[in-house]
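Chains as they are written, first to last, in the numbering used here: chain S, 34 to 318; chain C, 628 to 1074; chain Y, 1311 to 1623.
All residues carry an ideal CB built from backbone N, CA and C; glycine is no exception.
Since the model is a prediction, treat every value here as computed from it, not as a measurement.
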């Protein structure tokens, strides 16, 4: 299981300010904390970065790799910024990961970069025609991305398929579809395709205190489906792995001697499976 | 029952030879499952597999077409009961009835109403799709005369030949068979004659029965005679019967894979009262009718029904979009306000509606953000300062207005500085966050 | 292969709600999807309430304003007209005049109107704020108290103001409309929050926010269908209150109810078009799951009632 630390994102105020000011302190502090919590890769999300994306990505990659012995996941839609990052990336601890290509023609050039720099790439199973409705549509898009990767000369072993996790608070029925998609994706090649998710999307828009709960249990269900990698909070993922035996026990109907935790697990799984309509107070029902 | 990707995969050679253009047989199977690939792309699939696949992958509700050329109408292929599950596939066809007992003036007026029914909404052309020619007199000659009239005055319009008299059917089809009309139709009394005629002229056959059990028996008999393209009518006239029968038919086809009811449904919605007729037609649109037959084509009734159909058949996964351009609301002058928003059709309608309600003539710049709403478009990097600036520059609006002020949606206030940087000489004003704040906002500025 | 009707039964049921004291009406109570009487029971037909306002409807389009010429200057004569001449089963009084951007009338003035209207009519009264979150809090609390024990509907409680309004509806024995904006999960959340305050779920009415034909109706339609499925198939109790379609106020704002035939010849007659716009919107709401409608034009109401007759025969 490859945990890619998600915390260095332009959406977080402290990180955004550090990026603006080119202040290494916060960036390296957060990178280290994620490494210590178990991340084997660090995601650098600089957003669309219309202005100065290249220098920003260079700075992020070098700043991160100064502090931690890990490869970087280059997270932006800006092609030139990705390339700038790839040029300065230190490969000794692993190859970088481009986040991402998709079925949107604007994102095809990312595959060129993956081939040119011999790095790995995430393929998000979405195109221009709107969101995929179910696991089957995601798989059809995955098939197209796989064919295109081959055309561009990117080995299928270097492609991580991302089934596009949507917010459970507004797209509840997709939670289960993504789990099904992970299972389908893996079967689409031999050796199995690699899969990845942007995990925290599932709890986007949920009350703060619920987010770790939903993230962890969703992660465990995806793990059971065969997930290979997750862009997530490494601390939450470490907690999830610790809880895993309890989680499995509850799902198997065993008594774990912790009523409250069992209730939280069951209710969260109910929501993920679509058996009950999600509401922010779902745990209190 | 449509096969899943995995089930299809089991029928493929499983050699991963890549001749179909996909890296693996399973990848190819996924595309086939979505009907985005064709089995003949695989040179090595067995005959047995081909047979199983074509039968099993037949849609639960048979696809049936009528009309020809670019006026062809498609029905069937539906796969869900509720539009939020997946898009409804083929929009309800609206047909207007003309009887061979109608006075000549009414006949001509109705034909004309059909020919002038087209309107444009959100970039789609909507119109009365077909004409239902009713052999009310029962007389083949009168029917023939009307069919001749309609097909010469409205040669492009797809037809439904409404007769239960095989003689009338023959004379009519001799004239219009090449336009692929629906022969409507067969019932328990004329079944063999009508099925034979439909087979001979290669046209879809409408089948009417008294209730669902009878209809099921009739379609099975007709299918056994070699006619497969059918549409069904189960004698549902009242709103209650329409909802009951249409629902049970759809459920039977989708949930039980009950082939005898796996056909598009036609509902006769004619009423004396025009408004009630509009409501029954609306019911048909919402509740699974493939064809709704109306008695007249008033423009106001058309507009309401076309709009409802467009709304119900919208793909829930794909937002409707309006054209990117500078819209004039009211009669704006050079000093009138200029606002900007995204091209999600709902956003456009709501924002332009509120500007209209404000009674302050304005220009609304609508930018192509692939149908995303303001906040979503911004997060997806489609509603950015650079793109907005480029759009304003390219639009030429600078030639129409005397000022250089752009009012942006309150939710993207954060972009003000960056937009002003990229549009030198322009001032950005932050407008309200919610559209319903627009009237007060615009009126206040008037002083 | 022989045909058997694929009927469905559900574990859930919609709550029955009764409003009014002198001439009470009841809606809800069905145990099937909308009008699927062939597989269950539908004890009550939907109820249509006529909308009146606390101020004259100067901003209403001519087609519908003309109906109330001469009576709409005074809420009492307006209410009486609806009850006596239009045979209204219920009346919805929208206190639009209290909106700060409009006449900004006070809660005291609103209270007075409510008392006057209540003493003039026998049918049940629905009391609606102006949809200004802060002002409604004040206004509806005052009006709920004025209408104490008359078993009215108070509306609408929203995320930003539900606490005070719910407390008032509870204290004075009214029913309550909970409104959220086209989001089924927020709708459920609001209902949960309200019931957590001790307000019985059997006295709630869910308003997922209506949209006019052509202006987002499909969003409302699908949210309503999904609410009904959760209520019946998942037995989700907090989604089992009846649903409100507040049709008139959304429909009579749109261009199709105002543009003349001269302006848009392709749209046909304004009068028939605007009435059809309201009637078709209403019917879509019924088919998706609404049991209570608020409408404006009597011709539209009549047509919808005939439609309901056919659905329930």
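- In the DSSP assignment, residue 1612 of chain Y falls within the unbroken alpha helix (DSSP H) covering 1608 to 1622.
- Scanning its chain for C-beta atoms nearer than 6 angstroms, with the 5 sequence neighbours on each side dropped, one finds around residue 1447 of chain Y the residues 1471 and 1474, in chain order.
- The CB of residue 759 of chain C never comes closer than 7 angstroms to any CB in chain Y; the least such distance is about 21 angstroms.
- Residue 1020 of chain C and residue 1026 of chain C have their alpha carbons spaced roughly 10 angstroms apart.
- Only residues of its own chain outside the window of five on either side were considered, and among them 1426, 1427 and 1430 have a CB closer than 8 angstroms to the CB of residue 1386 of chain Y, listed in chain order.
- Counting every other CB atom within 10 Å of its CB across the protein chains shown gives residue 1562 of chain Y a total of 16 or more, marking it as buried.
- Classified as exposed, residue 1041 of chain C has fewer than 16 neighbouring CB atoms from the shown chains inside 10 Å of its CB.
- Chain order gives the chain C residues near residue 1316 of chain Y as 875, 878, 879, 882 and 883, where near means a beta carbon separation below 7 angstroms.
- DSSP, read as helix, strand or coil, puts residue 684 of chain C in coil.
- Shown in chain order are the members of the stretch 972 to 986 of chain C whose Cβ falls below 8 angstroms from a Cβ of chain Y: 973, 976, 977, 980, 983 and 984.
- The C-beta separation of residue 956 of chain C from residue 1022 of chain C comes to about 16 angstroms, leaving the pair out of contact by the 8 angstroms criterion.
- Put simply, the backbone Cα of residue 996 of chain C is about 29 angstroms away from that of residue 707 of chain C.
- Secondary structure of residue 1439 of chain Y (DSSP, three-state): coil.
- Annotation note: the stretch 1439 to 1507 of chain Y contains the following uninterrupted beta strand (DSSP E) runs of length 3 or greater, listed N- to C-terminal: 1463 to 1467 and 1485 to 1489.
- In the structure shown, the three-state DSSP call for residue 747 of chain C is strand.
- By the rule that beta-carbons nearer than 8 angstroms mark a contact, residue 205 of chain S touches chain Y.
- Using a CB distance cut-off of 8 angstroms, residue 1507 of chain Y does not count as an interface residue toward chain S.
- Residue pairing by DSSP puts residue 153 of chain S in a beta bridge opposite S/130.
- In the three-state reduction of the DSSP assignment, residue 924 of chain C falls in the coil class.
- In this chain, residue 1054 of chain C is not harboured by any alpha helix (DSSP H); it is covered by the beta strand (DSSP E) spanning 1054 to 1057.
- Within the stretch 62 to 87 of chain S, contact with chain C at the beta-carbon level (separation under 7 angstroms) is assigned to 81 and 83.
- Boundaries for residue 231 of chain S: no alpha helix (DSSP H) harbours it, while the beta strand (DSSP E) harbouring it runs 227 to 231, taken from the DSSP string.
- Under the Cβ distance rule, residue 189 of chain S counts among the residues neighbouring chain C, one pair being separated by less than 8 angstroms.
- A straight line joining the alpha-carbon of residue 1013 of chain C with that of residue 158 of chain S spans about 27 angstroms.
- Within the stretch 1546 to 1597 of chain Y, the alpha helix (DSSP H) runs of at least 4 residues that lie entirely inside it are, in chain order, 1557 to 1561.
- Taking the Cα of residue 772 of chain C as reference, the smallest distance to any Cα among C/634, C/731 and C/968 is reached at C/731.
- Taking CB atoms only, residue 93 of chain S has no neighbour in chain C less than 8 angstroms away.
- In the DSSP assignment, residue 1359 of chain Y is bridged to Y/1400 and Y/1604.
- Using a Cβ-Cβ cut-off of 8 angstroms, residue 1517 of chain Y does not count as an interface residue toward chain S, since no Cβ of chain S sits closer than that to its own.
- No Cβ of chain C is located within less than 8 angstroms of the beta carbon of residue 39 of chain S.
- Judged by their CB atoms, residue 74 of chain S and residue 130 of chain S are nearer to each other than the 8 angstroms cut-off.
- Just so you know, the alpha carbons of residue 1482 of chain Y and residue 876 of chain C end up roughly 48 angstroms apart.
- Judged by pairs of C-beta atoms under 8 angstroms, the stretch 959 to 973 of chain C does not touch the stretch 725 to 739 of chain C, as fewer than three such pairs exist.
- The closest CA to that of residue 687 of chain C, considering only C/632, C/785, C/881 and C/638, is found on C/881.
- Burial of residue 1409 of chain Y is indicated by the presence of at least 16 other C-beta atoms within 10 angstroms of its C-beta.
- In the DSSP assignment, residue 740 of chain C falls within the alpha helix (DSSP H) that extends over 731 to 742.
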